[in-house]
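Visitor: One structure, pasted below without further comment.
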Amino acid sequence: MLRIWPVAALMLSLMPVVSAAADDVGALRAELQALKDEYGARVDALEARIQELEADSGAPAATANPSAFNPSISLVLGGSYTNTSRDPETWNIAGFPSSGGEVGPGERSFNLGESELTFAANIDPYFAGQLTAAITGENEIEVEEAFVRTTALPQGFTGKLGRFFSGVGYLNEVHAHAWDFADQPLVYQAMFGGQSRQDGAQVKWLAPTDLFIEFGAEVGAGDSFPATRDDGNGLNTTAVFAHLGGDVGDYTSWRAGLSRIDSSAVAREGGIADASGAPLFETFTGDSHTWVVDGVLKWAPSPRRQLKLQGEYMRREETGEVFDGGGVRLADDYRGTHSGWYLQSVYQFAPRWRVGARYDSLDSGTPRYSLAPDGLLSQDPDRLSLMLDWNPSEFSRLRAQYDWDDARDDGDTDRVFRLQYLYGIGAHGAHKY
Amino acid sequence: MKHLSRLLVALMFAGTLPAHAALKVLATTPDWGALTTELGGDRVNVYVATSAMQDVHRVEARPSLVARARSADLIVATGAELEVGWLPVLIRESGNSRIRPGAAGYFEAASVLKLLEAPSKVDRAMGDIHPQGNPHVQLDPRNIAIVAHALTAKLSALEPAQAAYYATRGKDFDARWSAAIQRWEAKAAPLKGVNVVIMHRDQVYLCHWLGLNEVASIEPKPGVPPTASYLGQLVNKLAGTPPRFILLNAYNDAKPANWLSARVHAPAVVLPFSVGGSPGAKDLFGLFDDTLDKLLAAK
Chain A
1 MLRIWPVAAL
11 MLSLMPVVSA
21 AADDVGALRA
31 ELQALKDEYG
41 ARVDALEARI
51 QELEADSGAP
61 AATANPSAFN
71 PSISLVLGGS
81 YTNTSRDPET
91 WNIAGFPSSG
101 GEVGPGERSF
111 NLGESELTFA
121 ANIDPYFAGQ
131 LTAAITGENE
141 IEVEEAFVRT
151 TALPQGFTGK
161 LGRFFSGVGY
171 LNEVHAHAWD
181 FADQPLVYQA
191 MFGGQSRQDG
201 AQVKWLAPTD
211 LFIEFGAEVG
221 AGDSFPATRD
231 DGNGLNTTAV
241 FAHLGGDVGD
251 YTSWRAGLSR
261 IDSSAVAREG
271 GIADASGAPL
281 FETFTGDSHT
291 WVVDGVLKWA
301 PSPRRQLKLQ
311 GEYMRREETG
321 EVFDGGGVRL
331 ADDYRGTHSG
341 WYLQSVYQFA
351 PRWRVGARYD
361 SLDSGTPRYS
371 LAPDGLLSQD
381 PDRLSLMLDW
391 NPSEFSRLRA
401 QYDWDDARDD
411 GDTDRVFRLQ
421 YLYGIGAHGA
431 HKY
Chain B
1001 MKHLSRLLVA
1011 LMFAGTLPAH
1021 AALKVLATTP
1031 DWGALTTELG
1041 GDRVNVYVAT
1051 SAMQDVHRVE
1061 ARPSLVARAR
1071 SADLIVATGA
1081 ELEVGWLPVL
1091 IRESGNSRIR
1101 PGAAGYFEAA
1111 SVLKLLEAPS
1121 KVDRAMGDIH
1131 PQGNPHVQLD
1141 PRNIAIVAHA
1151 LTAKLSALEP
1161 AQAAYYATRG
1171 KDFDARWSAA
1181 IQRWEAKAAP
1191 LKGVNVVIMH
1201 RDQVYLCHWL
1211 GLNEVASIEP
1221 KPGVPPTASY
1231 LGQLVNKLAG
1241 TPPRFILLNA
1251 YNDAKPANWL
1261 SARVHAPAVV
1271 LPFSVGGSPG
1281 AKDLFGLFDD
1291 TLDKLLAAK
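Chains as they are written, first to last, in my numbering: chain A, 1 to 433; chain B, 1001 to 1299.
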């Protein structure tokens, strides 16, 4: 019985509350509404947050797939049909020492070109790596490039280590499948044997300016012409380069550069022949200094039209000792200055069509070499090329090219006609400017 | 030589200078540039890599863009491989690790959106397809609202001290944009269910938003220009479902659309597609005002 009292007391004590609330239902309702509103807002915020999180996560998380870290792979398939009026075996650049590389119009008839296989991926937060191997028609595999580059250096610095195409000039770094003609300009063939390649290290620095200003320096063992490796510990090729670039108006962009390559050679094969073809010397030991001036201008007034104008000038001085076929040093030392340039223009006149023209000109100079009569060695090889290509998509290209080739400079023009195909499969390539 | 080395040292550290300076933003398209300006106000210094008259698939990593990327604090890109042909080169050549994909200074609009037309299989025989889906997201203003939200968060994360500023601007934009969407949707109501022919798959989001009924596309496959015989077949095919108009973008080649227009008796409507694509499309609001005006005028 006693137990009822607290309950009754409680009920009694509640009475005023209930009556008070009954007196003020409106206030309570308002309070409840405020509470609802607050929670509503919170729920909305939570929903937004969930949406955000869902959106942030984007694609579903990668599953545990061991191949998820595989590098991107791309493959370029290429080849050509070549028709020359003169025997390609007799092809040479008159007055220039043989550069040994992939030069000349190549073999006649159908030829399988280099199949270029590229693997690339980030290695870790600090480095990325790339291998480009060329599988040749002769069933050989050649390492074109194999390098690691830095990805996390501060202040606009990047470094490269391994085998890579030197950053000198404009065309030197461009892979064969991205050339605008079927082959390199004569000046590249004569000065670098196609492309200057380093087994070494490169550092580049890009200025923090709106104008593109880039400096680079390289050291290497001297794998590529005009250097040779020797049995020493030295660096037989060093190179420095600077590039400037920018835009003019909405449709025009440009880049210009100046490069210098210093290299040394020991018993480098490939001498200079006189006009009769008789070799004046067989091997060369000495130093080469090459300057390269390059420039490119692109005008793209619409997505379907583009005009590209590019040219490069190179000048090489060589001084050193020369030897005959038996390795006997000749009495007089050799000093020669070779130079050359090309100018080319490619115009995309329809979405899938491009037409181009290129003119090559070389000057062998007159070497200071007393064993040769004055003037005998001065040669001016040149060549004119016309090109038309059809690009059904970003990944395929068919090209026709016609050359009037006077590289031999003997008055008998070699007429070279080439049909070339290039197809890319795999990862989407991204080309440099 | 002494002067030169001093100059070089000065240049080298020029990039590290004041923290209170505006954020340098490199936007890949005029639309993301305009959005960043709306959200960042005078706290951001925006450089736009392309114009409305360019095809963003086919842009080159020009030296001027590499130079801008070098100093950029933030890249605002579309993603979904729209810029795959040039943005990776740009980022690589810039040597700027702050804007690499995955870094704090890299933003992709596609990463916060649900993309249409994500293919179940990918094969280049299907044309220029994007494995993650259609990347031309900007012509659905609801996408812009979502991207704005995420971009505000990105800007605040890059400059935590300015978070309140970005939040205020973000809210303000959101309010104005939501009101504009309501206005546009009311205005565009008569366009619902109207038959249209599109040029490229970059008009898909616009059709999706407005309920336009896409009956054909002038490109037989994405990125593949039409042949004469394909266009001939298209005329026959469209006899059954006559389109009210043909959509094309400012940067497109107008020839196939005009050819088709004369044969199916439907006007070809040139849309700005991006900010700057027409005199009226001065900013994001103008882009949609002008797009709707042109559609309604043609209807």
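Don't be surprised by glycine CBs; every beta carbon is placed ideally from N, CA and C.
#1: Rank A:LEU161, A:GLY356, A:GLU317, A:ASP406 by C-alpha distance to the C-alpha of A:SER264 and give the top, closest one.
#2: DSSP has A:HIS289 in a bridge; who is on the other side?
#3: Once DSSP output is grouped into helix, strand and coil, what is the label at A:GLN189?
#4: In the segment 114–137 of chain A, which residues sit with their C-beta less than 7 Å from some C-beta in chain B, listed in chain order?
#5: Using a Cβ-Cβ cutoff of 9 Å, what residues of the segment 1260–1293 of chain B are near chain A? List them in chain order.
#6: In the structure shown, what three-state DSSP assignment does A:ALA20 receive?
#7: Using DSSP with H/G/I as helix, E/B as strand and the rest coil, what is A:GLY429?
#8: Less than 8 Å between the CB atoms is what I'm expecting for A:GLY286 and A:THR319, so what's the real figure, rounded?
#9: Which of the three DSSP states, helix, strand or coil, is assigned to A:SER224?
#10: Compute the Euclidean distance between the alpha carbons of B:ALA1052 and A:HIS175, then round it to the nearest angstrom.
#11: Name, please, each residue of chain B whose Cβ falls closer than 8 Å to the Cβ of A:SER253.
#12: So if DSSP puts A:PHE157 in a beta bridge, which residue, or which two residues, is it bridged to?
#13: Should A:ALA59 go down as buried or exposed, given a rule of 16 or more other Cβ atoms within 10 Å for buried?
#14: May I ask which residues mark the beginning and end of the beta strand (DSSP E) holding A:SER393?
#15: Which residues in chain B sit within 9 Å of A:ASP210, going by Cβ to Cβ distance?
#16: Below 9 Å on C-beta distance, what does A:HIS431 contact in chain B?
#17: Tell me whether A:TYR81 sits in a helix, a strand or coil according to DSSP, three-state version.
#18: Might you give, ordered along the chain, the residues of its own chain that have their beta carbon closer than 7 Å to the beta carbon of B:TYR987, omitting 5 neighbours on each side?
#19: Just checking my contact of B:PRO1220 with B:TYR1230 at CB under 8 Å: how many whole Å lie between their CB atoms?
#20: Grouping DSSP H, G and I as helix and E and B as strand, with all else coil, what is A:MET11?
#21: Measuring alpha carbon to alpha carbon, tell me which of A:GLY101, A:ILE425, A:GLY193 ends up nearest A:SER72.
#22: Rounded to the nearest angstrom, how far is the Cβ of B:GLU1038 from that of B:VAL1066, given a contact under 8 Å?
#23: For the beta strand (DSSP E) holding B:ILE1144, just list the boundary residues, first then last.
#24: For B:ALA1077, which three-state DSSP category applies?
#25: Quick check on B:LYS1192: buried or exposed, where buried means 16 or more other Cβ atoms within 10 Å of its Cβ?
#26: Using three-state DSSP, classify A:TYR170 as helix, strand or coil.
#27: As a quick exercise: from B:HIS1136, B:VAL1264, B:HIS1149, pick the residue whose alpha carbon is nearest that of B:VAL1196.
#28: Who are the Cβ neighbours of B:PRO1225 in its own chain at under 8 Å, not counting the five residues just before and after it?
#29: Using a Cβ-Cβ cut-off of 7 Å, state whether B:GLN1054 counts as contacting chain A.
#30: Does chain B have any CB closer than 7 Å to the CB of A:PRO351?
#31: If distances are taken between C-alpha atoms only, which option among B:ALA1110, B:ILE1091, B:LYS1171 comes closest to A:THR151?
#32: Using beta-carbon positions only, say whether A:VAL219 and A:LEU258 come within less than 7 Å of one another.
#33: If contact means a Cβ-Cβ distance below 9 Å, which residues of the segment 145–179 of chain A contact chain B?
#34: Roughly how many angstroms lie between the CA atoms of B:ALA1298 and B:PRO1222, to the nearest whole one?
#35: Excluding the 5 residues preceding and the 5 following A:TYR126 in the sequence, name in chain order all residues of the same chain whose CB lies nearer than 8 Å to its CB.
#36: Suppose you measure from the CA of A:GLY375 to the CA of A:TYR421; what does that come to, to the nearest Å?
Guide: A quick look at the data gives this:
#1: Cα-wise, what sits closest to A:SER264 is A:GLU317.
#2: The partner list for A:HIS289 (beta bridge, DSSP) reads A:ASP262, A:GLU317.
#3: Correct three-state label for A:GLN189: helix.
#4: Within the segment 114–137 of chain A, no residue has its Cβ closer than 7 Å to any Cβ of chain B.
#5: Look at the segment 1260–1293 of chain B: it has no residue with a C-beta under 9 Å from a C-beta of chain A.
#6: With a pLDDT of only 47 at A:ALA20, under 50, the local geometry of the prediction cannot be trusted, and no value is derived from it.
#7: A:GLY429 falls in the coil class under three-state DSSP.
#8: Contact holds; Cβ gap of about 5 Å.
#9: Secondary structure at A:SER224: coil, using DSSP grouped into helix, strand and coil.
#10: Rounded to whole angstroms, B:ALA1052 to A:HIS175 spans 31 Å at the Cα level.
#11: When 8 Å is used as the limit between beta carbons, A:SER253 is near these residues of chain B: GLU1060, ARG1062, PRO1063, SER1064, in chain order.
#12: When DSSP reads this structure, A:PHE157 sits in a beta bridge with A:TRP205.
#13: Confidence at A:ALA59 is low in this model, with a pLDDT of 48, below 50, so the placement of that residue is unreliable and no value is reported for it.
#14: Run containing A:SER393: 382–393, per the beta strand (DSSP E) assignment.
#15: Within chain B, the residues near A:ASP210 are TYR1047, SER1064, ALA1067, ARG1068, SER1071.
#16: Chain-ordered, the chain B residues with CB closer than 9 Å to the CB of A:HIS431 read GLU1060, ALA1061, GLY1085, TRP1086, VAL1089.
#17: In the structure shown, A:TYR81 sits in a strand (DSSP, three-state: E or B).
#18: Only positions 1001 to 1299 of chain B appear in this structure, which leaves residue 987 of chain B out of reach.
#19: That pair is a contact at about 5 Å.
#20: Unreliable placement is indicated for A:MET11, whose pLDDT of 48 sits below 50; the coordinate value is still reported in the next sentence. Three-state result, A:MET11: helix.
#21: Closest option to A:SER72, Cα to Cα, is A:ILE425.
#22: At roughly 27 Å, the Cβ-Cβ gap does not stay under 8 Å, so B:GLU1038 and B:VAL1066 are not in contact.
#23: No beta strand (DSSP E) contains B:ILE1144, which is instead part of the alpha helix (DSSP H) from 1141–1158.
#24: It is a strand residue.
#25: By the neighbour-count rule (16 or more Cβ atoms within 10 Å), B:LYS1192 is not buried but exposed.
#26: DSSP places A:TYR170 in coil when its eight states are reduced to three.
#27: Proximity to B:VAL1196 across B:HIS1136, B:VAL1264, B:HIS1149 peaks at B:VAL1264, based on C-alpha coordinates.
#28: Correct list, in chain order: GLU1219, ASP1253, PRO1256.
#29: At least one chain A Cβ lies under 7 Å of B:GLN1054.
#30: Output row for A:PRO351: interface = yes.
#31: A:THR151 has its Cα closest to that of B:ILE1091, out of B:ALA1110, B:ILE1091, B:LYS1171.
#32: Cβ distance not < 7 Å, so A:VAL219 and A:LEU258 don't count as in contact.
#33: Taking a C-beta cut-off of 9 Å against chain B, the contacting residues of the segment 145–179 of chain A are ARG149, THR150, THR151, ALA152, LEU153, PRO154, GLN155, GLY156, PHE157, THR158, listed in chain order.
#34: In a straight line, the C-alpha of B:ALA1298 is about 26 Å away from that of B:PRO1222.
#35: Here the set comprises THR150, THR151, ALA152.
#36: Residue placement at A:GLY375 cannot be trusted, given a pLDDT of 48 that sits under 50; the coordinates are not used to answer.
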